[in-house]
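Colleague: Structure incoming, see below.
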Amino acid sequence: MGKYITKRILISIPLMIAVVLVVFLMLQVLPGNPITVMMGEKANPAVIERVTEQMGLNDPVLVRFGRYLVDALQGDLGISYKLNRPIATLIGEAFPNTVKLAITAALVAWIIGIPAGIVSAIKKDTLLDRSLMGFSLVGISLPVFWAAMLMQFIFASTLGILPISGYSTWKHMIMPAFVLGWASSGTIARLTRSSLLGIMKNDYIRTARAKGIKESLVVIRHGLKNAMIPVVTMMAMQFASLLSGAVLTETVFGIGGIGVLMVSAVNTRDMPLLQGSVIFSTMIIILGNLVADILYSFLDPKIREQ
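Counting from 1 along the sequence shown, just add 1 to a position and that's the residue number in the numbering used here.
As structure tokens, then:
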């Protein structure tokens with residue numbers, strides 16, 4: 002296990018560096034001078050040129066990338082041109098809101114998705130099965146921003162029982178968590194159902210039934226334990242994606258998280274802030290996939306044997 006985990010970590014390191022390089026190069030080819038954005042359109046061209054030279058923006062791209070990579074490894078992602086604050090500090094202030102949203106949305110997804118998948122597998126091809134899978138399909142297919150605005154109209158504007166935006170109290174968390182969790186719960190429900198149906202066809206399940214064990218115990222003790230292996234992996238990757246910033250949900254509900262930070266950086270053409278936010282979000286996803294691989298190896302004995 003130690004060798005497997007070490008191997009997965011070593012594989013992730015060059016992937017992270019490659020992601021940083023791609024994001025860095027993509028943002029370098031965008032038109033416009035970042036110093037002009039920082040100082041304003043009416044700034045003296047000579048001053049703009051001098052500041053550009055002082056900040057090393059005229060250096061070759063690879064030199065600037067090497068400098069940025071060394072600073073990033075030390076936790077320095079640069080300074081926001083518009084806000085004139087360290088980007089690491091801005092991300093540190095926004096990330097807790099994204100963490101709260103990710104946790105609440107993940108709990109909603111797991112609480113809805115796993116039981117729905119189990120019941121659908123047990124009641125295969127019944128009206129209940131079709132209803133639950135239809136509900137999950139709507140959650141997957143419905144655009145997040147449309148579901149968010151629909152809930153705002155019903156529960157905030159019309160009924161007035163929930164606040165329309167913000168994220169300061171538990172009431173503020175209900176609509177964003179449900180909107181974001183509903184989309185994830187659909188995937189979990191369908192994966193749980195298909196995985197459990199496949200497991201229930203195995204010989205050891207028939208042997209357990211032949212021994213007279215109750216069907217509920219057969220499903221829980223023998224079927225669900227093995228069926229949850231791919232589901233847990235999916236849950237880990239979904240949680241990592243939620244941590245990377247749910248842009249639409251945060252924007253619609255006015256949650257000051259990583260997603261809103263990236264949207265603000267795009268609107269103000271704050272390239273260092275956008276670059277730092279994107280790289281941070283990508284690192285979260287890569288780390289989430291790494292955790293999912295490690296969890297899979299713990300849950301599946303075949304991986305440990307290999």
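Don't be surprised by glycine CBs; every beta carbon is placed ideally from N, CA and C.
Taking only the alpha-carbon atoms, compute the straight-line gap between residue 104 and residue 242 and give it to the nearest angstrom.
Modeller: Near 11 angstroms, if we compare the C-alpha coordinates of residue 242 and residue 104.
Colleague: Taking the runs of the alpha helix (DSSP H) that are 4 residues or longer, which of them lie wholly in the stretch 79-131?
Modeller: The stretch 79-131 contains these whole alpha helix (DSSP H) runs: 88-123.
Colleague: For the pair the stretch 251-261 and the stretch 165-179, tell me if three or more CB-CB distances fall below 8 angstroms.
Modeller: With a cut-off of 8 angstroms, the stretch 165-179 and the stretch 251-261 count as touching, because enough Cβ pairs lie within range.
Colleague: Considering only the beta carbon of each residue, do residue 290 and residue 236 sit closer than 8 angstroms?
Modeller: No; because the gap between Cβ atoms is not below 8 angstroms, this pair is not in contact.
Colleague: By the DSSP assignment, the alpha helix (DSSP H) with residue 146 in it spans what residues?
Modeller: That run of the alpha helix (DSSP H) goes 145-152.
Colleague: The alpha helix (DSSP H) spanning residue 261 covers which residue range?
Modeller: Run containing residue 261: 259-268, per the alpha helix (DSSP H) assignment.
Colleague: Where residue 97 and residue 244 are concerned, what is the direct C-alpha to C-alpha distance, given to the nearest angstrom?
Modeller: Approximately 10 angstroms, taken between the alpha carbons.
Colleague: Tell whether a beta-carbon distance below 8 angstroms holds between residue 293 and residue 197.
Modeller: Against a cut-off of 8 angstroms, the Cβ pair of residue 197 and residue 293 comes out as no contact.
Colleague: Keeping to the same chain, check which residues put their C-beta closer than 6 angstroms to that of residue 279; ignore five residues upstream and five downstream.
Modeller: Contacts found: 24.
Colleague: Only counting the same chain, and skipping five residues up and downstream in sequence, which positions put a Cβ closer than 6 angstroms to that of residue 173?
Modeller: Excluding sequence neighbours, residue 173 sits near 164, 167.
Colleague: What does the Cβ neighbour count give for residue 154, buried or exposed, with the cut at 16 atoms within 10 Å?
Modeller: By the neighbour-count rule (16 or more Cβ atoms within 10 Å), residue 154 is not buried but exposed.
Colleague: Hey, could you find the ends of the alpha helix (DSSP H) residue 173 is sitting in?
Modeller: Residues 171-200.
Colleague: Which same chain residues end up closer than 8 angstroms to residue 129 when comparing Cβ atoms and leaving out the 5 residues on each side of it in sequence?
Modeller: Closer than 8 angstroms at Cβ, skipping near neighbours: 120, 121.
Colleague: Drop a sphere of 10 angstroms on the beta-carbon of residue 248, count the other beta-carbons inside from all chains shown, and report buried for 16 or more, exposed for fewer.
Modeller: That one is buried.
Colleague: Taking the continuous alpha helix (DSSP H) assigned at residue 220, which residues delimit it?
Modeller: No alpha helix (DSSP H) contains residue 220, which DSSP labels as neither H nor E.
Colleague: The alpha helix (DSSP H) spanning residue 70 covers which residue range?
Modeller: Counting along the chain, the alpha helix (DSSP H) containing residue 70 begins and ends at 62-74.
Colleague: Compare the Cα-Cα distances from residue 193 to each of 111, 148, 208, 146 and report the closest residue.
Modeller: Checked all of 111, 148, 208, 146; the closest Cα to residue 193 is 111.
Colleague: Considering only C-alpha positions, which residue in the set 225, 176, 277 is nearest to residue 86?
Modeller: Taking only the C-alpha atoms, the option nearest residue 86 is 277.
Colleague: Could you tell me if residue 205 is buried or exposed, where buried requires 16 or more neighbouring beta carbons within 10 angstroms of its beta carbon?
Modeller: Answer is exposed; the Cβ neighbour count stays below 16.
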